[in-house]
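Those letters in the sequence shown? Residues 110 to 596, by my numbering.
The C-beta atom is built at its ideal place from N, Cα and C for all residues, glycine as well.
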Amino acid sequence: MSSFKIEIPAGDTVILVSTESRYKMHSTQLIQASGCFANLLRTAGPVLSREGLRAGLRYLLILQDFDEATNRPIHPVFRRIPLDNNGRAQKKYSLMHESDQNPRFRSSLFSDYDRLLRTFANQPVTLDDKSIDTLLPDSMGLIEVAEKLDAVSMIAKIIENHLLAKGQDIFKAISASPVIWIDVAFRVQSKVLFKEALIHLTGKYNALIATPPDDALVKKYPRARSVLDQLTPELRDLVERKHTMLMQICQTVEKSVSTHYPPGIQKSSVSGQAKTDPIGRIDYAKDVFTWVGVALYRHWWGQTIASDATHNNKFGGHDIYTRLFNGGQSYLTREVQNGFHQHFPMSGKGQKVLQNNIDIIKAGITKIVTPLMKNESQLDITKFPVKWLTCTVVNGADYLWDPEVEPEVEPEQETEEGAEEESPVQPVSEKAKRKRRADEAFDEAEFSFEPVAKGKGKGKGKERAIEPFEEEDLGFDEDEDAEGEEI
């Protein structure tokens, strides 16, 4: 009976992982599968004698855990032992024993090499997939030995398929620990897992950057100040860039909320000149309740921004953006509005009119916030809700090991010389050119008001600034929002 765990017919290379694990394979297989073995086997083996041809052995590779020059312990590495023309070793060598309890490497080292070599021989490989908790360390062991032999491509799809077979369980695990999983995804070059981890890393950035490293991480990275410091420089740069892009989107949304006006108070066509526009005080008097609604909403929104409830908070403003998207009584409730009426009393009918105007404003805000509520991850956030944004778009250029070139936008075709180009825009009169449509967006620069000089006349007494509702009425609590959430 053969003493080899794997014996390929006509194999010319013997691999000794330990005294118990021996493999006979073909050098061509090993060169194609492993960069490390390709380097060890680049020099041709001996010209075999008649006796050597019977055995057919040209190469001998052994795994050793000591430095040849100093005899000091090292992490196990493969070495090539020179053979004579009879296929016998030209020098003595020692082998590792699997029964030895060596604290310098994990106990699964030999089984990891066994599975890796089986992939070289196109034999099936199994992973401990009882749960994510058993599958992750089992996969990491296989990844580490594959990296040692420069053979990750041989096991990448196997690991990816086992992980993705877990369905929502793997996506839940990634959302809980994206720092760990983006490293795994990057090492096995899995675009599906990498995209998932990058989305959650970007959404949880504010929380992760504020999370100090544990003792094990500090021991490995003495200069670490947060859990993000364990990322490689290229991964860290990518995460920083995606976070900056997300913050820019959030700020754009917040500016749009700050300058949103319900369509009912925008005039049909204005030029900005009272002399030319047929608009009088009576026109604004009709909209007084709408303007009160705008003022009340802006007061609440100003307090929200001042309380750091938006993109700067622990989870990037997810809670407040979700409330803005849901609208209705998810924020600025009837009870909160009653605080306003304590300072500015209204009849019951007036209160209902104001409530209706607030609801109209909320409906418009929902459309503005919609882009932030899109879920780009594969996690079912309806079934497994998260407390951070998952709207980050991962482009082909973000896959660091294989960046995809973004398609170029084709230039518009030029019209032939002499041909008249049809214009979809109808001729506009000079008077109409000076007017602005009601649905035109308000320019940010246009609404940057300059300070107004104080008048000479002042009142004898000063009144305290009126607060229609207190800060606790804003309806969010960052600490409560994050309670029990796994970082």
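query, result
"Where does Ile117 fall in DSSP's three states?", "coil"
"What residues match up with Leu169 in a beta bridge as DSSP calls it?", "Val123, Ile190"
"If you reduce the DSSP assignment to three classes, tell me which class Tyr393 lands in.", "helix"
"Among residues of its own chain, excluding the 5 on either side of Val156, which ones have a beta-carbon nearer than 7 angstroms to its beta-carbon?", "Asn194"
"To which residues of the same chain is Glu305 closer than 7 angstroms at the C-beta, ignoring the five residues directly before and after it?", "Phe280, Ile283, Ser486, Gln487"
"How far does the beta strand (DSSP E) with Lys257 in it extend, from its first residue to its last?", "Per DSSP, Lys257 belongs to no beta strand (DSSP E); it is in the alpha helix (DSSP H), 241-257."
"Please report how far the alpha carbon of Gln438 lies from the alpha carbon of Asp392, in whole angstroms.", "31 angstroms"
"Using beta-carbon positions only, say whether Thr442 and Ile429 come within less than 8 angstroms of one another.", "no"
"Could you say which of Gly402, Gly425, Arg407 lies nearest to Gln460 if we only look at CA atoms?", "Gly402"
"Where Arg334 and Phe449 are concerned, what is the direct C-alpha to C-alpha distance, given to the nearest angstrom?", "45 angstroms"
"State the Cα-Cα distance for the pair Val336 and Val293, rounded to the nearest angstrom.", "16 angstroms"
"Name the two residues that bound the continuous alpha helix (DSSP H) containing Met356.", "342-367"
"Using the Cα positions of Leu258 and Asp511, report the straight-line distance between them to the nearest angstrom.", "21 angstroms"
"Select from Trp410, Asp237, Gln199, Thr122 the residue whose C-alpha is nearest the C-alpha of Ser217.", "Asp237"
"Cβ atoms of Leu204 and Thr128: under 8 angstroms apart, would you say?", "yes"
"Please name the residue in Gly165, Phe146, Ser158, Glu160 whose C-alpha comes closest to that of Ile171.", "Phe146"
"Going by other Cβ atoms of all chains shown within 10 Å of its Cβ, with 16 needed for buried, is Pro191 buried or exposed?", "exposed"
"Applying the 10 Å Cβ sphere with the 16-neighbour rule, what's the burial state of Asn270?", "exposed"
"Just checking, does the region 115-122 make contact with the region 133-142 on the three C-beta pairs under 8 angstroms criterion?", "yes"
"What does DSSP give as the partner residues of Pro480 in its beta bridges?", "For Pro480, which the question treats as bridged, DSSP gives no partner whatsoever."
"Can you give me the Cβ contacts of Val502 inside the same chain, cut-off strictly under 7 angstroms, excluding the 5 residues immediately before and after it?", "Glu485"
"If you drop the 5 nearest sequence neighbours on each side, which residues of the same chain put their C-beta closer than 7 angstroms to that of Ile183?", "Asp174, Phe175, Asp176"
"Residue range of the alpha helix (DSSP H) that Tyr314 falls in?", "314-318"
"Quick one: give me the first and last residue of the beta strand (DSSP E) that Met455 is part of.", "First-last for Met455: undefined, no H or E at that position."
"Anyone know if the C-beta pair for Leu251 and Arg224 falls short of 8 angstroms?", "yes"
"Is the beta carbon of Gly389 less than 8 angstroms from the beta carbon of Leu498?", "no"
"Could you tell me the boundaries of the alpha helix (DSSP H) in which Lys329 lies?", "324-329"
"Just to confirm, are Gly196 and Leu149 a CB contact at a threshold of 8 angstroms?", "no"
"With Leu347 and Leu509 assumed to form a contact (beta carbons below 8 angstroms), what rounded beta-carbon distance in angstroms separates them?", "7 angstroms"
"Do you know how far the Cα of Ser248 is from the Cα of Gln357?", "37 angstroms"
"Taking Leu107 as the reference, which of Ile477, Val514, Ala506, Lys496 has the closest Cα?", "Given that the chain is displayed from residue 110 to residue 596, the structure contains no residue 107 and the question cannot be resolved."
"CB-CB under 8 angstroms to Ile470, same chain, minus the five flanking residues each way: which ones, in chain order?", "His369, Pro371, Gly402, Val403, Tyr406"
"Could you tell me the boundaries of the alpha helix (DSSP H) in which Arg296 lies?", "287-297"
"Taking the beta carbon of Glu363 as the centre, do at least 16 other beta carbons fall within 10 Å, making it buried, or is it exposed?", "buried"
"Can you tell me which of the three DSSP states His184 falls into?", "strand"
"In terms of residue numbering, what span does the beta strand (DSSP E) encompassing Met205 cover?", "Taken as a continuous stretch (DSSP letters only), Met205 belongs to no beta strand (DSSP E), as it is neither H nor E."
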